[in-house]
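If you read the sequence shown in our numbering, its first letter stands for residue 7, the second for the next number, and so on.
Every residue gets a Cβ at the ideal spot worked out from N, C-alpha and C, and that includes glycine.
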Amino acid sequence: MTAASAGPPDKGEIPSRAPTIRSRLVALVLSTLLPVLVFSGALIVRHAQQERAALELQAEAVAVAAVHLIDAHVRAIEPVLRTLAMQAPRIDDERPAFQQIAAAAAQHLGKSVALLDRTGRPLVVAAPAAEGVAWPQTIDMASLAALTTADGLVVTDLLRDPAGGRSVALVAVATASGGDTGAAGPAGAILAAVVDPAALGHVLRDAGLPDDWIAAVVDRQGLFVARSHQPETQVGQPARPELAAAASGPALRGRFDNVTWEGVSQHNAFHRSAVTGWTAVIGIPHAVLNAPERRAAAVLATGAVFAALALALAMFFARRIAAP
């Protein structure tokens with residue numbers, strides 16, 4: 007049967023239509039743009055995730071560095087105290103000579119030092135010449151109970167001095183007596199040095215803390231030992247409950263979110279010192295932490311706008327080309 011004799015097509019049959027030039031041009035543009043957009047979008051999102059992860063790792067690194075700086079500060083005190091402990095007076099007549107040795111050690115350290123009896127009563131106190139004799143009137147001896155041997159080193163939490171109105175910590179070692187009255191020092195005596203939190207104010211910046219981050223060092227009681235913002239009013243005061251929980255909890259390191267006393271929402275990394283028991287908490291404001299994602303969203307939105315514009319132009323020119 008020839009095409010001429012086949013007759014008209016069945017009315018129920020829908021004739022197939024070949025793709026128009028317009029549809030082909032639009033399909034060409036879409037097939038070109040979509041893979042590029044998807045690949046670029048994936049790269050942008052991945053880069054934003056890497057930036058965020060890098061910020062979190064930086065916070066952890068700053069926390070570790072701050073702890074190491076504080077530990078180094080304490081470790082520099084320890085050998086001086088141990089040398090003094092070996093020369094601690096056994097009888098009252100030896101105290102004047104020991105007073106001179108202690109004064110030289112205090113001048114060298116730039117810190118007040120004292121020989122304490124087992125009740126915490128100062129037997130000998132020496133301080134740098136520039137400071138004069140200053141020693142906390144009240145000492146919680148429970149915090150020094152771990153000094154049962156001459157090998158021990160204890161760093162207390164902050165102690166409030168009612169007279170001076172300041173908060174200080176003690177770095178302490180036992181004398182060589184270890185309970186033996188024939189050895190150096192009276193039985194149960196302790197050599198201790200004062201650590202003023204003001205001397206630790208620089209550690210957070212020295213550890214690499216960026217200016218727009220908020221960080222602190224918190225003792226086991228949840229008190230601020232050092233703080234990057236408003237240290238003059240915050241040091242010695244209670245930290246936020248989330249920081250106190252991190253400082254007293256079982257984990258030695260970790261992360262958590264909280265809101266600072268200034269109302270700044272932030273993500274924190276913390277690390278606890280095995281030497282002092284204090285915890286460095288490094289906070290990244292969420293505005294800083296989420297900035298890479300916001301930038302990525304802005305770039306993706308801009309890309310979507312340009313893709314839509316390209317598609318619109320393709321449809322416009324396809325219509326022009328397809329027009330008779």
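CB of residue i within 8 Å of CB of residue j, strictly
i, j, result
"Ala112", "Ala94", "no"
"Val224", "Leu206", "no"
"Leu115", "Val86", "yes"
"Leu36", "Leu317", "yes"
"Leu75", "Ala313", "no"
"Leu90", "Ala109", "no"
"Leu150", "Ala195", "no"
"Ser254", "Ala199", "no"
"Asp77", "Val281", "yes"
Unbroken beta strand (DSSP E) run spanning residue i, endpoints
i, result
"Leu176", "173-180"
"Leu159", "159-161"
"Ser279", "Careful: Ser279 lies outside any beta strand (DSSP E) and carries neither H nor E."
"Ala133", "No beta strand (DSSP E) holds Ala133; DSSP gives it neither H nor E."
"Ile196", "196-201"
"Leu122", "119-122"
Close beta carbons around residue i, own chain, < 6 Å, minus the five adjacent residues each side
i, result
"Ile288", "Ala65, Val68, Ala69, Ala221, Ala275"
"His235", "Ile220"
"Leu258", "Arg278"
"Val73", "His277, Ser279, Ala286"
"Asn264", "Arg246, Glu248"
"Leu63", "none"
Cutoff 8 Å; reference residue i; Cβ partners in own chain excluding five residues on either side
i, result
"Gln243", "Leu229, Phe230"
"Leu164", "Ser173, Val174, Ala175, Pro203, Asp225, Gln227, Leu229, Val231, Gly242"
"Arg211", "Ser234"
"Gly260", "Ala252, Ala275, Phe276"
"Glu84", "Leu159, Val177, Val179"
"Arg301", "Ala54"
Residue i, buried or exposed, once every other Cβ within 10 Å from all chains shown has been counted against 16
i, result
"Asp217", "exposed"
"Arg52", "exposed"
"Phe104", "buried"
"Gly185", "Here Gly185 scores only 42 on pLDDT, less than 50, and its place in the model should not be relied on; the value that follows carries that caveat. It is exposed - the Cβ of Gly185 has fewer than 16 other Cβ atoms within 10 Å."
"Val311", "exposed"
"Pro298", "buried"
"Ile145", "buried"
"Ala9", "Only weak support is given to the placement of Ala9: the predicted model assigns it a pLDDT of 49, under 50, and the question is left unresolved by the model."
"Ile97", "exposed"
"Ser271", "exposed"
"Leu197", "buried"
"Ala320", "buried"
"Thr239", "exposed"
"Ala54", "buried"
"Thr266", "buried"
Proximal residues to residue i (C-beta, below 7 Å), its chain only, five neighbours per side dropped
i, result
"Ala71", "Ala213, Gly214"
"Gly188", "In this predicted model, Gly188 has a pLDDT of only 43, less than 50, meaning its place in the structure is not dependable; the value taken from the coordinates is given anyway. Same-chain partners within the cutoff: there are none."
"Leu295", "Arg58, Leu61, His273"
"Leu306", "Gly47, Ile50"
"Gly283", "Val161, Arg226"
"Gly126", "Ile145, Met147"
Limits of the unbroken alpha helix (DSSP H) element including residue i
i, result
"Ala111", "101-115"
"Ala253", "247-254"
"Arg414", "Since the first residue of the chain shown is 7 and the last is 330, residue 414 is not available in this structure."
"Pro237", "237-240"
One or two residues paired with residue i in a DSSP bridge
i, result
"Asp263", "His273"
"Ile220", "Gly289"
"Ile145", "Per DSSP, none; premise fails for Ile145."
"Leu229", "Pro244"
"Pro128", "Leu122"
"Arg166", "Ser173"
is_contact[residue i, chain C] using C-beta, thresh 8 Å
i, result
"Arg246", "Structure shown: chain C not included; a single protein chain is present."
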